[in-house]
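J.: Under this note's numbering, the final residue of the sequence shown carries the number 142; numbering is consecutive throughout.
Note that CB positions come from ideal geometry on N, CA and C, so glycine has one too.
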Amino acid sequence: MRIGCVEILDEELKRKLINKEPMKSDEEIRNASVEALKLISKLSGHPILMMNDFFWTLGRSCCKEKILCVDRECNKKPCTFNLAVKLDSYDECVFEGVCKGNLNENYRNLWQPIVNTHYY
C-alpha cells in the first residue's frame, strides 16, 4: 500500500489503517495485494514467488516502523531485503523517487491491517 501498488479508496478504511485500528477482516486488502502482485509478476516477467519474496522482505525490513527512504535505516539488522536482493549499494530504497510513500506522507502513514488471526 505504501508503495502505491494497491490504492485505498474508502476513506473510513484509510483512516483505520493510518490509526492502526483493529479490523474484522483484511481479506479485501489481501486480495487486492495478490492481484497487484500477479500483475507485477506478469508485466515484469519474473515469477510470482520471486516477486512475493522481493516485496515481503522489503516491507518487513525497509518499510515498516522505520522507513528507509525517510529514516535512512531499516528495521532489521541485518536487513532481510539486502540479504535477499544483491545490490551494489544500499544507501536508498530501490523505489525511492517513484514510490508513493516516498513522495507522499499520507501513503507513508498507511499501515498493514490489524486483524486477529491465527495465520501470522
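Since K36 is in the alpha helix (DSSP H), which residue starts that stretch and which ends it?
T.: 33-40
J.: Work out the CA separation of I89 and W78 for me, nearest whole Å.
T.: Cα to Cα, W78 sits roughly 14 Å from I89.
J.: Report the three-state DSSP secondary structure of C85 (helix, strand or coil).
T.: strand
J.: Roughly how many whole angstroms lie between the Cα atoms of C96 and L105?
T.: Whole-angstrom Cα-Cα distance: 12 Å.
J.: May I ask you to report which of helix, strand or coil DSSP gives I25?
T.: coil
J.: By DSSP's criteria, I136 is part of a beta bridge. Which residues make up the other side?
T.: P44
J.: Tell me which same chain residues have a C-beta within less than 6 Å of the C-beta of I51, skipping the five on either side of it?
T.: P135
J.: Can you tell me the Cα-Cα spacing of S63 and N131, whole angstroms?
T.: 26 Å
J.: Mapping DSSP to helix, strand and coil, what is R94?
T.: coil
J.: I25 and C121: beta carbons closer than 9 Å?
T.: Contact: yes.
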